[in-house]
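The sequence shown maps to residues 6 to 273 in my numbering.
A virtual CB, placed ideally from N, CA and C, is assigned to each residue, including glycine.
Since the model is a prediction, treat every value here as computed from it, not as a measurement.
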Amino acid sequence: MPYPRYPRILLLGGHGRISLLLTPKLVSRSWDVVSVIRNPSQEADILEAGKQGPGNIKVLVESLEDVKSEQDAKKVLDQAKPDWVVWSAGAGGNGKERLDAIDRDACIYFIRASLSSPSITKFLLVSALNIRRESAPWWDEASWAAVKGVNAQALSNYYAAKLAADETITVLGEEKRFNYIVLRPGELIDGPETGRIVLGATPVGGQVSRADVAEVAVRLLEKHGVKGWFDLLGGENDVVEEVDRVVTENVDSREGESLDVMKKHLKL
């Protein structure tokens, strides 16, 4: 399918802090955005974020917690009619039941429905740097031990839910040769966009502003043929140059992970 010059984007989790920063960046490129929110009272914030255009902004009120099947997800896709999908939604760490319902199940249903749609050509999933089964080859033993400790204890439910979604889009994306992007920031902080990052083979520890995450997301989206995992932290490298470098060198933060192991653990 030809690369759309002015794509229509379904933004899931439209009222999240990253999404509100991402929305003006998307419409500034003349891309149209359909932003999904669960609470109608959030609509004004979405319209404010996208008011400068020149792309159009539309709000769709749907609860992701009510998406219980691939068919439910397809109904939302049929309403929005997107070329690309961005998932930046989540339960916010509010208990295992909601994490499983939103971060795992609803996300996987949207992944499967999107990758089954011939009109959808990209899916960007916002995840987290610690979500992996095996150590990244560029991490030392102490770094990997720290990540495993967090995943097994403080963030165990979040880790399990996000891992299932990440692995689903990776396995299906590779099988279908689909342009999937898993953007994996470290500890998120508020604050201004710095324009200085490290992308790809990052350390374990570090922070990155949500504004910088939004900028990297839109720059990855506008690159043709990009796919894979992209670990992200704040750093010293210019964001434009760093994204260009990682794309040109085909850097994939999935290095060290087994696709066969992922297939054995696929959910839903």
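What does residue i pair with, by DSSP beta-bridge criteria?
i: Arg-201; result: Asp-243
i: Tyr-185; result: Phe-128
i: Ser-214; result: Ile-194
i: Leu-16; result: Ser-40 and Val-91
i: Ile-62; result: Val-38
i: Asp-236; result: Arg-189
With a cut-off of 8 angstroms on the beta carbons, I'd call residue i and residue j a contact; round off their distance for me.
i: Leu-204; j: Phe-235; result: 6 angstroms
i: Arg-43; j: Glu-75; result: The pair is not a contact, with the Cβ atoms about 20 angstroms apart (cut-off 8 angstroms).
i: Gln-212; j: Gly-240; result: Actually they are not in contact, since the Cβ atoms of Gln-212 and Gly-240 sit about 10 angstroms apart, beyond 8 angstroms.
i: Val-252; j: Val-221; result: At roughly 11 angstroms, the Cβ-Cβ gap does not stay under 8 angstroms, so Val-252 and Val-221 are not in contact.
i: Ser-214; j: Ile-194; result: 6 angstroms
i: Asp-108; j: Tyr-163; result: 7 angstroms
i: Leu-177; j: Arg-138; result: No, Leu-177 and Arg-138 are not in contact; Cβ-Cβ is about 17 angstroms, not under 8 angstroms.
i: Val-38; j: Ile-62; result: 5 angstroms
i: Glu-224; j: Val-244; result: Sequence inspection shows Arg at residue 224; the Glu mentioned does not correspond to that position. Yes, they are in contact, since the Cβ atoms of Arg-224 and Val-244 sit about 7 angstroms apart, within 8 angstroms.
i: Ser-40; j: Thr-28; result: 6 angstroms
i: Val-218; j: Leu-238; result: Between Leu-238 and Val-218 the Cβ distance is about 10 angstroms, and since that is not below 8 angstroms, they are no contact.
i: Trp-89; j: Ile-125; result: 7 angstroms
i: Arg-189; j: Asn-242; result: About 17 angstroms separates the two Cβ atoms, so there is no contact after all.
i: Ala-141; j: Gly-261; result: 5 angstroms
i: Gln-57; j: Ser-33; result: 7 angstroms
Between which two residues does the alpha helix (DSSP H) holding residue i run?
i: Arg-22; result: 22 to 32
i: Leu-120; result: 112 to 120
i: Lys-153; result: 146 to 157
i: Asp-50; result: 48 to 54
i: Lys-268; result: 264 to 269
Could you tell me if the beta carbon of residue i falls within a distance shorter than 6 angstroms of some heavy atom in the ligand MG?
i: Ala-222; result: What this structure holds is no ligand at all, so the ligand MG is not there to describe.
Against chain B, with Cβ distances strictly below 7 angstroms, would residue i count as a contact?
i: Lys-56; result: Although the question refers to chain B, the structure presented lacks it and comprises just one protein chain.
- Query: Curious, which full-length beta strand (DSSP E) runs of at least 3 residues does the stretch 67 to 100 contain?
  - Reply: 89 to 92
key: Segment contact flag, the stretch 46 to 57 with the stretch 16 to 27, C-beta cutoff 8 angstroms, min 3 pairs   = yes
Okay, do the stretch 97 to 106 and the stretch 133 to 148 touch, 3+ Cβ pairs below 8 angstroms being the bar? no
| said: Whether or not the stretch 81 to 90 and the stretch 141 to 161 are in contact is what I'm after, with contact meaning three or more pairs of Cβ atoms, one per stretch, closer than 8 angstroms; do they touch? | reply: Three or more beta-carbon pairs separated by less than 8 angstroms are not found between the stretch 141 to 161 and the stretch 81 to 90, which leaves the two stretches without contact.
So, do the stretch 101 to 115 and the stretch 168 to 182 have three or more beta carbon pairs nearer to each other than 8 angstroms? yes
Problem - Given 8 angstroms, three or more beta-carbon pairs between the stretch 177 to 185 and the stretch 156 to 169 - result: no
* Asked: Do the stretch 254 to 269 and the stretch 117 to 132 meet, that is, are 3 or more Cβ pairs less than 8 angstroms apart?
  -> no
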